[in-house]
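Take a look at the structure set out below.
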DNA sequence: TTGATATCATTTGCATACGAATGAATTTGA
DNA sequence: TCAAATTCATTCGTATGCAAATGATATCAA
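Protein chains in written order, with the working numbering: chain X, 1 to 153; chain W, 1001 to 1153.
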């Protein structure tokens, strides 16, 4: 085999490599689609709340009063994002805000009675949403998938 | 055991059920976090393009000229979203638009020379991004995870 | 004590993401 | 054929999501 042949093969290999890139098989692309599907299932069951809004209420229900930023870190939202979510929940009377007595930087967030009612009503529905999202998998597959997905975060 | 006891147990069971809801273990919540992590890894490797923009270029590189909506369906974006993405790629000279000669409703999208150069340069980096995203998993786990993730879409 | 750091929150700007409404062009079907 | 339905694209409104800049407060350290 000549040197030219080797060079040609090398070039072809590189080009094949590039032509071979399959977007549909990349983890980021599928992750984005899986997330979209989940959001769509969520919306079909809970029309008046988004997943981030639900997450904020569920976490407040779980831990009680917290500061806005602390809540954000508990539900994986940066300060700018959590502010918008909390503002909208406040506008709807589901949470209420107050100032921290000691640390004047902190903005405390609490569920209102209406917020507590809402989250109590929605949690059983949220279970259905989880179930429907995972419906394409068998019970065993669900366990495997959740274990591996958790490793990716 | 009295009837009151049974009723009490039932009520407690329901409340325990609700108190037991663990947001951090729900597939939607973890999916959102996994997606966030991927986007962050992507941004660390490719600063001047978002994942959706990259997806549009990669798909155009793959299939060649298509209509805007067709491209959207290939990369899982609705019409409103894909318009914004393509507008920004056009503004940067990475794609060009033209009207379909026969079907005057259609807006055709093509890579420019600059767009082709960009995607050719970025595809190897995109492979690194996929690899880093999946780095917490072993090779075997990657195969399992990708198989199950694909079943969810 | 006080100056440097760090934390909490807000604001701005940009980029998805999608429902709903609209308009133009095409296709279908009675 | 022609009215109804469909498709393609655009626009508007709302909601994440994040980087960067800013201001107020709190903490740390020399």
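Every residue, glycine too, gets a C-beta built ideally from N, C-alpha and C.
(Q) Let's test the definition: count the other Cβ atoms within 10 Å of the Cβ of residue 119 of chain X and tell me whether it reaches 16, buried, or not, exposed. (A) If you number the first chain from 1, residue 119 of chain X lands on position 119. Buried.
Q. Helix, strand or coil: how does DSSP classify residue 1039 of chain W here?
A. Within the second chain, numbered from 1, the residue matching residue 1039 of chain W stands at position 39. Residue state, collapsed to three classes: helix.
Q: Determine the DSSP secondary structure at residue 1027 of chain W, reduced to helix, strand or coil.
A: Working through the second chain from its first residue, we reach residue 1027 of chain W at position 27. Looking at residue 1027 of chain W - three-state DSSP - the assignment turns out to be helix.
Q: With DSSP as the reference, please indicate the residues paired to residue 1095 of chain W in a beta bridge.
A: In the second chain, counting from the first residue as 1, residue 1095 of chain W sits at position 95. Residue 1095 of chain W pairs with W/1111.
Q. Residue 38 of chain X to residue 1102 of chain W, Cα distance in whole Å?
A. For the purposes of this step, residue 38 of chain X is taken as the residue at position 38 of the first chain. For the purposes of this step, residue 1102 of chain W is taken as the residue at position 102 of the second chain. Answer to the nearest angstrom: the Cα atoms are 38 Å apart.
Q. What is the rounded straight-line gap between the Cα of residue 1021 of chain W and the Cα of residue 123 of chain X?
A. Within the second chain, residue 1021 of chain W is the residue found at index 21, counting from 1. Within the first chain, residue 123 of chain X is the residue found at index 123, counting from 1. For residue 1021 of chain W and residue 123 of chain X, the distance between alpha carbons rounds to 7 Å.
Q: Determine the direct distance from the alpha carbon of residue 1098 of chain W to that of residue 1053 of chain W, and round the result to whole angstroms.
A: Within the second chain, numbered from 1, the residue matching residue 1053 of chain W stands at position 53. Within the second chain, numbered from 1, the residue matching residue 1098 of chain W stands at position 98. Those two C-alpha atoms are separated by around 19 Å.
Q) By Cβ distance below 6 Å, which residues in the same chain neighbour residue 1061 of chain W in space, the five residues on each side in sequence not counted? A) Working through the second chain from its first residue, we reach residue 1061 of chain W at position 61. If we look at residue 1061 of chain W and ignore the five residues flanking it on each side, its Cβ neighbours are 1119.
Q | According to DSSP, residues forming a beta bridge with residue 66 of chain X | A | By 1-based counting over the first chain, the position of residue 66 of chain X is 66. The partner list for residue 66 of chain X (beta bridge, DSSP) reads X/109.
Q. Excluding five sequence neighbours on each side, which residues of the same chain lie with their C-beta closer than 7 Å to the C-beta of residue 1075 of chain W?
A. Indexing the second chain from 1 puts residue 1075 of chain W at position 75. For residue 1075 of chain W, where only same-chain residues beyond five positions count, the Cβ hits under 7 Å are 1055, 1056, 1059.
Q.
Could you check whether residue 137 of chain X and residue 1151 of chain W sit closer than 9 Å to each other, using their CB atoms as the reference points?
A. As a first step, residue 1151 of chain W is located in the second chain; it is residue number 151 there, counting from the start. As a first step, residue 137 of chain X is located in the first chain; it is residue number 137 there, counting from the start. Yes, Cβ-Cβ distance for residue 1151 of chain W and residue 137 of chain X is below 9 Å.
Q | Unbroken alpha helix (DSSP H) run spanning residue 946 of chain W, endpoints | A | Nothing about residue 946 of chain W can be reported from this structure: the residues present for chain W run from 1001 to 1153 only.
Q. Run through DSSP, which three-state label would residue 45 of chain X get?
A. Counting from 1 along the first chain, the entry for residue 45 of chain X is found at position 45. Here residue 45 of chain X sits in helix by DSSP.
Q: Check residue 50 of chain X in the structure and name its three-state DSSP category.
A: In the first chain, residue 50 of chain X corresponds to position 50, counting from 1. Correct three-state label for residue 50 of chain X: coil.
Q) What residue from W/1094, W/1063, W/1044, W/1133 has the CA that sits closest to residue 1111 of chain W's CA? A) Along the second chain, one-based indexing puts residue 1111 of chain W at 111. Among W/1094, W/1063, W/1044, W/1133, the Cα nearest to that of residue 1111 of chain W belongs to W/1094.
Q.
Within 9 Å of any Cβ in chain W, is that where the Cβ of residue 62 of chain X sits?
A. Locating residue 62 of chain X in the first chain gives position 62, where the first residue counts as 1. With 9 Å as the cut-off, residue 62 of chain X counts as an interface residue toward chain W.
Q: Compare the C-beta of residue 1092 of chain W against all C-beta atoms of chain X and say whether one is closer than 9 Å.
A: Locating residue 1092 of chain W in the second chain gives position 92, where the first residue counts as 1. For residue 1092 of chain W, the answer is no, since every Cβ of chain X falls outside 9 Å of its Cβ.
Q: Quick one: grab the DSSP three-state call for residue 1001 of chain W.
A: Within the second chain, numbered from 1, the residue matching residue 1001 of chain W stands at position 1. The pLDDT assigned to residue 1001 of chain W is 49, lower than 50, so where the model puts this residue is not dependable, and the model offers no usable value.
Q. When the cut-off is 9 Å and only beta carbons count, does residue 72 of chain X lie next to chain W?
A. On the first chain, position 72 is the one that residue 72 of chain X refers to. It does not: the Cβ of residue 72 of chain X has no partner Cβ on chain W nearer than 9 Å.
Q | Inter-residue Cα distance where the pair is residue 86 of chain X and residue 68 of chain X | A | The residue given as residue 86 of chain X occupies position 86 in the first chain. The residue given as residue 68 of chain X occupies position 68 in the first chain. Distance between the alpha carbons of residue 86 of chain X and residue 68 of chain X is about 8 Å.
**Q.** Alpha carbon of residue 1131 of chain W to alpha carbon of residue 27 of chain X, nearest angstrom
**A.** By one-based count along the second chain, residue 1131 of chain W stands at place 131. By one-based count along the first chain, residue 27 of chain X stands at place 27. Approximately 9 Å, taken between the alpha carbons.
(Q) Give me, in chain order, the residues of the same chain whose beta-carbon lies closer than 6 Å to that of residue 1142 of chain W; leave out the 5 immediate sequence neighbours on both sides. (A) Locating residue 1142 of chain W in the second chain gives position 142, where the first residue counts as 1. Answer for residue 1142 of chain W: 1134, listed in chain order.
Q. Based on Cα-Cα distance, which residue from X/31, X/49, X/66, X/140 lies nearest to residue 91 of chain X?
A. Counting from 1 along the first chain, the entry for residue 91 of chain X is found at position 91. Ranking the options by Cα distance to residue 91 of chain X, first place goes to X/49.
Q: Check each candidate in W/1113, W/1144, W/1082 and name the one with the smallest Cα separation from residue 1072 of chain W.
A: For the purposes of this step, residue 1072 of chain W is taken as the residue at position 72 of the second chain. Out of W/1113, W/1144, W/1082, W/1082 has the C-alpha closest to the C-alpha of residue 1072 of chain W.
(Q) Quick check on residue 68 of chain X - is its C-beta less than 9 Å from some C-beta in chain W? (A) Position 68 of the first chain, counted from the first residue, corresponds to residue 68 of chain X. By this cut-off, residue 68 of chain X is not an interface position.
Q. Which residues of chain X have a Cβ atom closer than 8 Å to the Cβ of residue 1037 of chain W, listed in chain order?
A. Along the second chain, one-based indexing puts residue 1037 of chain W at 37. Near residue 1037 of chain W (Cβ distances below 8 Å), the residues of chain X are 152, 153.
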